[in-house]
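FYI, the numbering for the sequence shown is 737 to 908, going by this note's numbering.
Below is one structure, written out as structure tokens, with a few remarks after it.
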Amino acid sequence: MGPLTGRCGRQPVRLLSPPMDGCMACDLTSGLAALPGGTIARELGWVVEHCVGPLGVGTLVVKPERHVVHLADLTVEEAAAMGRILHHAAKVVTELCDPDQVYVALWSHAERRPAHIHYVVQPVDQEAMAKHDAHGPKLQVAMFDTGDTPDPSAVEEFTARARDVWTRTTIP
Ligand SMILES: [Zn+2]
Numbered sequence: 737m738g739p740l741t742g743r744c745g746r747q748p749v750r751l752l753s754p755p756m757d758g759c760m761a762c763d764l765t766s767g768l769a770a771l772p773g774g775t776i777a778r779e780l781g782w783v784v785e786h787c788v789g790p791l792g793v794g795t796l797v798v799k800p801e802r803h804v805v806h807l808a809d810l811t812v813e814e815a816a817a818m819g820r821i822l823h824h825a826a827k828v829v830t831e832l833c834d835p836d837q838v839y840v841a842l843w844s845h846a847e848r849r850p851a852h853i854h855y856v857v858q859p860v861d862q863e864a865m866a867k868h869d870a871h872g873p874k875l876q877v878a879m880f881d882t883g884d885t886p887d888p889s890a891v892e893e894f895t896a897r898a899r900d901v902w903t904r905t906t907i908p
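Laid out in structure tokens, this is it:
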């Protein structure tokens, strides 16, 4: 294989990346957009929040603090921390929700354009699968089709508990 050029070539990572105008992920992190419950954790270059989309109470979002729209543009340090943060997020929702499974997905397109990357860390139980008669990606599609965003007060309550669990456990 030759060097990374052409379509696969990437510009050097910009280490200084201010919040991006018109980016919902940046707006939620900076406080420009309403975020029920507030930030759960901010460490190792990553931010953890409750998901504002219709994926149920307990679903977290894990995203780089910088405005990054391609996984390949993470710094080595951000990439190294990613697994630890995702693992910890999965442990937190597992402790709080005792789910059947925890889905971790990244579908960061907005209007078919690359968007600020964000993983959803979604606890899934039998009740959700039965309600939507689906599992896996089809469950997420079904939940988005319903458009039922979670009750803000339930999100605030969950977020407070998640923050407690996050801070009393340590990331190795
Ligand atoms: Zn952004």
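Cβ atoms here follow ideal geometry from the backbone N, Cα and C, with glycine treated the same way.
Cut-off 6 Å between Cβ atoms - residues of its own chain near residue i, not counting five sequence neighbours on either side
i	result
GLY738	Because the pLDDT of GLY738 is 38, which lies under 50, any placement of that residue in the model is unreliable, and the number read from its coordinates should be weighed accordingly. There are no such residues.
ASP861	PRO835, ASP836
Paired residues, beta bridge with residue i - DSSP
i	result
ALA935	As shown, the chain starts at 737 and ends at 908. That puts residue 935 outside it, with no answer to give.
PRO850	HIS845
Selected residue, minimal CA-CA separation from residue i, among the options
i	options	result
ARG848	VAL805, ASP809, VAL793	VAL805
ALA769	ALA777, LEU780, GLU785, GLY781	GLU785
ALA896	ILE853, GLY774, VAL788	GLY774
ARG778	LEU807, ARG802, GLN858, CYS833	ARG802
LYS874	GLY781, HIS824, TRP782, LEU791	LEU791
ILE907	GLN858, ALA826, HIS871	ALA826
HIS823	PRO859, HIS868, VAL788	PRO859
TYR855	ILE776, THR795, LEU764, PRO772	THR795
Residues near residue i by beta carbon distance below 7 Å, same chain, minus five either side
i	result
MET760	ALA769
HIS845	ALA851
CYS762	PRO755, MET756, HIS803, HIS852
PRO748	At PRO748 the pLDDT is 38, less than 50, meaning the model places this residue with poor confidence and gives no usable figure here.
ALA864	GLY792, LEU875
Sequence-distant residues of its chain with Cβ nearer than 8 Å to residue i (five each side left out)
i	result
TRP782	VAL798, LYS799, PRO800, GLU801, GLU814, ALA817, MET818, ILE821
Within the stretch 761–844, ranges of the beta strand (DSSP E) (whole runs, at least 3 residues): 777–779, 782–786, 796–800, 837–842
Three-pair Cβ contact test at 8 Å for the stretch 866–883 versus the stretch 810–821: no
Touching by the beta-carbon criterion (3+ pairs, under 8 Å), the stretch 887–907 and the stretch 839–853: no
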